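In this note's numbering, the protein residues as written are 1050 to 1402.
The C-beta atom is built at its ideal place from N, Cα and C for all residues, glycine as well.
Note that the structure is a prediction, hence the values are computed from the model and not measured.
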């Protein structure tokens, strides 16, 4: 009887933890710092909107455009410090000390050629820390706290209407340590996802930029963020590791890239693995969107992915994910269902010329 009571108590505690886990929405000082340096360096993948924030940066940092970190970042962003690798690297280091806090995985080391570039990375963080200190960047950040709070409140009030964490963790059959939306006013109209593995679990980050139609104030449309980015970016952190784990088997179907190669390349998905990431994410995204935002929104999303994006294997993958969702007694998580995904792709491969 005592043991039964203990088990019930533990289960209740776990349930409370799951229900209380929410998405953290913030404007992170480290991302403001790195995107400011990118902006001063002329990096291309930033907002094109005519917002007052960029004018504030021009004024505040006008005496520091020749700082050593500007030349350094121009060098490394042409090599390994670009796209989603920027937040991935940034969140492996503490802030504002810029000491390595989380070891890079083997995959991450390969992505940034860590052994080859570790001295450059170290030197970059030395100069970034100096820039942070000599410019008194923290004061600039504090000066804009009112703006940041306004952006956060606008997004968070809408997101909290949906129990996204519970829905996603139930769907994928996997829990994460934390979910973080990083609103980044200087970033392009889009976003990146990164995940940090630690001893206590996995922290997920969706780094998101404002609408390209922003006027004066960076605008983050909460409904669009939810529909186009949040479900999508967080899904990457569930789906990508599964593609990695099963890739030896899935690689056999690489010929399936050929019919859509040019369409994928235009979207920066030039390899079969990246194409698989995006297909698996989008298939689950359609199903999750239906649960969170309704069937009409999900149908529009599917059509956009299939017709405009040329994600043609959604025609088979979406019904498979529906099958997975309807048979959770058999499949405790998406990983357990991956052999079904592989079987579908193997069958499609027979159509390769």
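Exercise for the section: Please report the residue range of the beta strand (DSSP E) in which residue 1232 lies. Expected result: For the purposes of this step, residue 1232 is taken as residue 183 along the chain shown, with counting starting at 1. Where residue 1232 is concerned, the enclosing beta strand (DSSP E) stretches over 1227-1232.
Exercise for the section: Give a yes or no on whether the C-beta atoms belonging to residue 1253 and residue 1227 are separated by under 8 Å. Expected result: By one-based count along the chain shown, residue 1253 stands at place 204. By one-based count along the chain shown, residue 1227 stands at place 178. Closer than 8 Å, so yes.
Exercise for the section: Determine the DSSP secondary structure at residue 1419, reduced to helix, strand or coil. Expected result: Not covered by the structure: residue 1419. The range shown for the chain is 1050 to 1402.
Problem - residue 1143 vs residue 1134 beta-carbon contact at 8 Å - result: Position 94 of the chain shown, counting from 1, holds the residue named residue 1143. Position 85 of the chain shown, counting from 1, holds the residue named residue 1134. Cβ distance not < 8 Å, so residue 1143 and residue 1134 don't count as in contact.
Exercise for the section: Kindly identify the DSSP beta-bridge partner or partners of residue 1099. Expected result: For the purposes of this step, residue 1099 is taken as residue 50 along the chain shown, with counting starting at 1. According to DSSP, which records beta bridges pairwise, residue 1099 is partnered with 1264.
Exercise for the section: Compute the Euclidean distance between the alpha carbons of residue 1104 and residue 1088, then round it to the nearest angstrom. Expected result: By one-based count along the chain shown, residue 1104 stands at place 55. By one-based count along the chain shown, residue 1088 stands at place 39. Each residue's alpha carbon lies about 11 Å from the other.
Problem - Cβ pair residue 1359, residue 1309 closer than 8 Å - result: In the chain shown, residue 1359 corresponds to position 310, counting from 1. In the chain shown, residue 1309 corresponds to position 260, counting from 1. Yes, they are a contact pair.
Handout entry: Residue nearest to residue 1259 in terms of C-alpha spacing, selected from 1388, 1241, 1189, 1249
Key = Counting from 1 along the chain shown, the entry for residue 1259 is found at position 210. Closest by alpha carbon: 1241.
Exercise for the section: Can you say whether residue 998 is buried or exposed, counting buried as having 16 or more other CB atoms within 10 angstroms of its CB? Expected result: Coverage of the chain is limited to positions 1050 through 1402, which leaves residue 998 absent and any answer about it impossible.
Exercise for the section: Run through the segment 1089-1146 for me and flag every whole beta strand (DSSP E) of 3 or more residues, listed as ranges in chain order. Expected result: none
Problem - Three-way DSSP call (helix, strand, coil) for residue 1240 in this model - result: Taking the chain shown and counting its residues from 1, one reaches residue 1240 at position 191. Three-state DSSP puts residue 1240 in a strand.
Problem - Cβ separation of residue 1257 and residue 1233, assumed to be a contact under 8 Å, to the nearest whole Å - result: Sequence index remark: in the chain shown, residue 1257 carries index 208 (1-based). Sequence index remark: in the chain shown, residue 1233 carries index 184 (1-based). Going by Cβ atoms, the distance from residue 1257 to residue 1233 rounds to 6 Å, so yes, they are a contact pair.
Practice task
Kindly indicate the opening and closing residues of the alpha helix (DSSP H) around residue 1379.
Solution key: Locating residue 1379 in the chain shown gives position 330, where the first residue counts as 1. Looking at the DSSP string, residue 1379 is not in any alpha helix (DSSP H), and its letter there is neither H nor E.
Practice task
Give the secondary structure of residue 1291 by DSSP, where H, G and I count as helix, E and B as strand, and everything else as coil.
Solution key: Position 242 of the chain shown, counted from the first residue, corresponds to residue 1291. The answer is helix: DSSP assigns residue 1291 an H, G or I state.
Problem - contact_flag[the segment 1320-1340, the segment 1290-1308] where n(CB pairs < 8 Å) is 3 or more - result: yes
Problem - Strand pairing of residue 1252, partner residues [DSSP] - result: Locating residue 1252 in the chain shown gives position 203, counting from the first residue. DSSP, once it has assigned bridges, lists 1227, 1245 as partnering residue 1252.
Problem - CB contact below 8 Å: residue 1339 versus chain D - result: The structure shown contains no chain D; it is built from a single protein chain.
Handout entry: C-alpha distance - residue 1391 paired with residue 1073, whole-angstrom precision
Key = Your numbering for residue 1391 matches position 342 in the chain shown. Your numbering for residue 1073 matches position 24 in the chain shown. Residue 1391 and residue 1073: Cα-Cα distance of roughly 35 Å.
Practice task
Grab the span of the alpha helix (DSSP H) containing residue 1320 for me, first residue to last.
Solution key: In the chain shown, residue 1320 corresponds to position 271, counting from 1. That residue, residue 1320, is in no alpha helix (DSSP H); it is neither H nor E in DSSP.
Handout entry: the segment 1189-1207 touching the segment 1216-1227, judged by at least three CB pairs closer than 8 Å
Key = no
Practice task
Compare the C-alpha of residue 1115 against each of 1184, 1270, 1170 and name the closest.
Solution key: To locate residue 1115, count along the chain shown from 1; it is residue 66. It is 1184 whose Cα lies nearest to the Cα of residue 1115.
Practice task
Taking 8 Å as the cut-off, decide whether the C-beta atoms of residue 1271 and residue 1207 are in contact.
Solution key: For the purposes of this step, residue 1271 is taken as residue 222 along the chain shown, with counting starting at 1. For the purposes of this step, residue 1207 is taken as residue 158 along the chain shown, with counting starting at 1. Closer than 8 Å, so yes.
Practice task
Sort 1332, 1383, 1180 by Cα distance to residue 1294 and report the nearest one.
Solution key: Residue 1294 sits at position 245 when you count from the first residue of the chain shown. Closest by alpha carbon: 1383.
Handout entry: Candidates 1281, 1365, 1086, 1353, of which the one nearest residue 1217 by Cα
Key = Looking up residue 1217 in the chain shown gives position 168. Checked all of 1281, 1365, 1086, 1353; the closest Cα to residue 1217 is 1281.
Problem - Option nearest residue 1191 by Cα separation, candidates 1077, 1279, 1179 - result: In the chain shown, the residue the question calls residue 1191 occupies position 142. Here the closest residue by C-alpha is 1077.
Handout entry: residue 1369, DSSP secondary structure in three states
Key = Working through the chain shown from its first residue, we reach residue 1369 at position 320. Here residue 1369 sits in helix by DSSP.
Exercise for the section: Could you tell me whether the Cβ atoms of residue 1355 and residue 1349 are closer together than 8 Å? Expected result: Numbered from 1 along the chain shown, position 306 holds the residue referred to as residue 1355. Numbered from 1 along the chain shown, position 300 holds the residue referred to as residue 1349. Against a cut-off of 8 Å, the Cβ pair of residue 1349 and residue 1355 comes out as no contact.
Exercise for the section: Measure the C-alpha to C-alpha separation of residue 1314 and residue 1265 and round it to an integer number of angstroms. Expected result: Stepping through the chain shown from its first residue, residue 1314 is reached at position 265. Stepping through the chain shown from its first residue, residue 1265 is reached at position 216. Roughly 34 Å separates the two Cα atoms.
Handout entry: Where the alpha helix (DSSP H) containing residue 1352 begins and where it ends
Key = Numbered from 1 along the chain shown, position 303 holds the residue referred to as residue 1352. Residue 1352 -> alpha helix (DSSP H) spans 1344-1352.
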